[in-house]
């Protein structure tokens, strides 16, 4: 079974700090990588889907990069705000799997203190 | 906006009861999924369906079954609930050929 690792498990930062976390995965048979943000009492919300090596995506203060050859993705948050507090999930999809089957990491829980 | 709804946010059931968790999506998506989420673990796939009346086992199907009689509705069934099925259950849907999965808000099930 494909293993997706996220680090750190949790992170506490001050408002205004920039932060980043990592998602690692086996690089063979890679198809796509997904980042989700999951706020308490809400549905997980898709942030990015990336497929190509070297992909970089940005949405406001949040950006992500992808290295499929070495099997990792970084998620960056610039100038963290309290509303960024959430669990950030990484999920990987492989060739050969059934369509849409995502393997999720355990998540990184971010807390931003005002 | 895609909307995925789940029948209950919180549910408390007794051991041995038959439990139905319902999920409905309004975007005509072919693919639907049931996950469970437990502390310290990632989301784990229980079952998925890629078309009406079609279903496939995910990584942890034991103790569960599913039903997809209509395209928009995907039900998860716990035939005889057990305490180790206490968990957060999330439903998701995805269009054919699309990347994104859209999630419902989750049902927190407690089996006592």
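Chains as they are written, first to last, in my numbering: chain X, 4 to 117; chain G, 139 to 250.
Every residue, glycine too, gets a C-beta built ideally from N, C-alpha and C.
Chain B contact residues for residue i, given Cβ-Cβ distances below 7 Å
i: residue 107(X); result: Given the protein chain composition of this structure (X and G), no chain B is represented.
Beta carbon of residue i nearer than 8 Å to that of residue j
i: residue 68(X); j: residue 33(X); result: no
i: residue 24(X); j: residue 74(X); result: no
i: residue 193(G); j: residue 206(G); result: yes
i: residue 21(X); j: residue 81(X); result: yes
i: residue 242(G); j: residue 88(X); result: no
i: residue 245(G); j: residue 147(G); result: yes
i: residue 211(G); j: residue 162(G); result: yes
i: residue 239(G); j: residue 171(G); result: yes
i: residue 38(X); j: residue 79(X); result: no
i: residue 12(X); j: residue 93(X); result: no
i: residue 83(X); j: residue 18(X); result: yes
Residue i: contacting residues in chain X (beta-carbon distance under 8 Å)
i: residue 210(G); result: Going along chain X, no residue has its Cβ under 8 Å from residue 210(G), so there is no contact; the nearest lies around 17 Å.
Interface residues of chain G facing residue i [CB-CB closer than 7 Å]
i: residue 52(X); result: 237, 238
Within chain X, the residues that residue i reaches when beta carbons sit closer than 7 Å
i: residue 242(G); result: 46
Under 8 Å by beta carbon: chain G residues contacting residue i
i: residue 95(X); result: Within chain G, no residue comes near residue 95(X); the closest Cβ sits about 11 Å away, beyond 8 Å.
i: residue 74(X); result: Chain G residues near residue 74(X): none, gap ~17 Å exceeds 8 Å.
i: residue 35(X); result: 237
In DSSP terms, what residue i is bridged to
i: residue 28(X); result: Paired residues: none, contrary to the question.
i: residue 44(X); result: Paired residues: none, contrary to the question.
Amino acids of chain G, ordered along the chain, whose beta-carbon sits closer than 9 Å to that of residue i
i: residue 49(X); result: 237, 238, 239, 240, 241
i: residue 16(X); result: The contacting residues do not exist; residue 16(X) stays about 22 Å from chain G at best.
Task: Whole beta strand (DSSP E) elements within the segment 140-227 of chain G, 3-residue minimum - done: 142-144, 148-151, 157-163, 169-175, 182-187, 202-208, 211-216
Open item on the list: Below 8 Å, how does it come out for the segment 146-156 of chain G and the segment 195-208 of chain G: are there three or more Cβ pairs, yes or no?
Closed with: no
Open item on the list: Tell me whether the segment 103-112 of chain X and the segment 173-186 of chain G touch, counting them as touching only if at least three CB pairs, one residue from each stretch, are closer than 8 Å.
Closed with: yes
Open item on the list: Taking 8 Å as the cut-off, does the segment 211-224 of chain G touch the segment 155-167 of chain G (at least 3 CB pairs, one atom from each stretch)?
Closed with: yes
Open item on the list: Ignoring anything shorter than 4 residues, give me the alpha helix (DSSP H) runs that lie fully in the segment 38-94 of chain X, in order along the chain.
Closed with: none
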